[in-house]
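In my numbering, the protein residues as written are 6 to 322.
For every residue, glycine included, the Cβ atom is placed at its ideal position computed from N, Cα and C.
Predicted model, so just to flag it, every value in this text is computed and none were measured.
Scroll down for the structure; my scribbles are underneath it.
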Ligand code: BDR
Ligand code: CA
């Protein structure tokens, strides 16, 4: 058995998703088994094309799998083109992958892979939780074979980012999120409580591009649209490292402080999408990240991402 972290990233790439995926590809401690795709920042088809292209551009051999194209119950929200650009990669146009998606859909793929590697796979959803919820509905025994679920999503003790209450990934499918937080498995929530604190400037991205002139330049290029978005909402020239923070929480959980409490997701009304810690609930407590060592998380993000081209070169030999 390899001592690497075997992970499936469930993703809607997406600028910070692309950053998280390249970070995972560059980290020798991680084996990305598959990228399962979901609507959110872009539609499902675009998410799958982008994920295929990200893997191909890094010469990374992993499965890329299409997933759900709409939420479980509610009508779909518009993709967040204003945050991630028309194609999901900021100012860059459409990319054309040559490969095709896996024959299974995301939920069946997750079920099959997790049963094939019991206790070994960490699910890392960094988009809406629809694929994970469908997998649980199809196979309630999934909870017994998954190692843990490290989610970028939610806001426990801070306001949301799409409404005063809701973080985007949960808001895009609150009913799915409620199923995932209610299940009896280890869920780690890397929400806005911590991810909003971890930011990078253009100079930081230039360092990544200096270390990795190909993949790093792509990261620098896509960061510019995201920085303009964050400038419009925060008044600062930064990118917020939401999705990369969840990847670092898998390899370096010690860089976060946690509180264990069950989470309920509000599924209607003005507060729809809110993730509410509630100790009176009789469900497995979620490990909620409430503090983060910002300098170390950011430092690891920069140093690991700067090695993306070198990791690709080793894979290409
Ligand atoms: C989350 O929403 C998306 O826009 C990002 O990719 C991230 O997963 C942050 O709220
Ligand atoms: Ca995302």
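Taking its Cβ as the centre, do 16 or more other Cβ atoms sit within 10 Å of residue i, making it buried, or is it exposed?
i: residue 231; result: buried
i: residue 164; result: exposed
i: residue 239; result: exposed
i: residue 114; result: buried
i: residue 217; result: buried
i: residue 228; result: buried
i: residue 317; result: buried
i: residue 162; result: exposed
i: residue 247; result: buried
i: residue 104; result: exposed
i: residue 172; result: buried
i: residue 78; result: exposed
Would you mind working out which of the options sits nearest residue i, comparing C-alpha positions?
i: residue 220; options: 31, 13 and 9; result: 31
i: residue 188; options: 309, 138 and 212; result: 138
i: residue 166; options: 146, 201, 181 and 178; result: 201
i: residue 124; options: 152, 293 and 68; result: 152
i: residue 310; options: 213, 206, 8 and 60; result: 213
i: residue 244; options: 9, 279, 119 and 25; result: 25
i: residue 2; options: 68, 236, 41 and 162; result: The chain is shown from 6 up to 322; residue 2 falls before or after that span and cannot be answered.
i: residue 287; options: 9, 265 and 242; result: 265
i: residue 184; options: 285, 259, 272 and 197; result: 272
i: residue 145; options: 132, 119 and 133; result: 119
i: residue 74; options: 103, 44, 62 and 58; result: 44
i: residue 121; options: 275, 38, 19 and 168; result: 38
i: residue 186; options: 319, 278, 63 and 289; result: 289
i: residue 7; options: 18, 88, 85 and 126; result: 126
i: residue 86; options: 168, 233 and 128; result: 233
i: residue 17; options: 78, 11, 158 and 64; result: 158
Considering residue i, what are the terminal residues of the alpha helix (DSSP H) in which it resides?
i: residue 317; result: 313 to 321
i: residue 116; result: 111 to 121
i: residue 31; result: 20 to 31
How is the beta strand (DSSP E) around residue i delimited, first residue to last?
i: residue 10; result: 10 to 16
i: residue 291; result: 291 to 297
i: residue 134; result: Where residue 134 is concerned, there is no enclosing beta strand (DSSP E), given that its DSSP letter is neither H nor E.
For residue i, I'd like the list of residues in its chain whose CB is within less than 8 Å of its CB, leaving aside the five on either flank, ordered along the chain.
i: residue 92; result: 47, 51, 55, 98, 99 and 100
i: residue 257; result: 301, 302 and 305
With a CB to CB cut of under 6 Å and the five nearest residues on each side skipped, what residues in its chain are close to residue i?
i: residue 130; result: 15, 137 and 156
i: residue 140; result: 112, 115, 116 and 147
i: residue 191; result: 153
i: residue 142; result: none
Grab me the residues of residue i's own chain with a C-beta within less than 7 Å of its C-beta, minus the 5 sequence neighbours each way, in chain order.
i: residue 225; result: 210, 211, 213 and 214
i: residue 28; result: 249, 252, 306, 309 and 310
i: residue 81; result: 44 and 75
i: residue 71; result: 42, 49, 53, 106, 110 and 111
i: residue 150; result: 119, 120, 123 and 124
i: residue 263; result: 292, 293, 294 and 295
Legend entry - alpha helix (DSSP H) segments (min. 4 residues) lying fully within the region 136 to 222: Segments of the alpha helix (DSSP H) lying fully in the region 136 to 222: 147 to 150, 173 to 176, 179 to 187, 197 to 200 and 207 to 216.
Inset, instruction - Let me know the alpha helix (DSSP H) ranges lying completely inside the region 43 to 97, each 4 residues or longer, listed in chain order. - result: Secondary structure within the region 43 to 97: the alpha helix (DSSP H) runs of 4 or more consecutive residues, fully enclosed, are 49 to 62 and 86 to 89 (chain order).
Inset, instruction - Pick out the complete beta strand (DSSP E) segments inside the region 218 to 294, 3 residues or longer, and give them in chain order. - result: 261 to 266, 268 to 270 and 280 to 282, all fully within the region 218 to 294.
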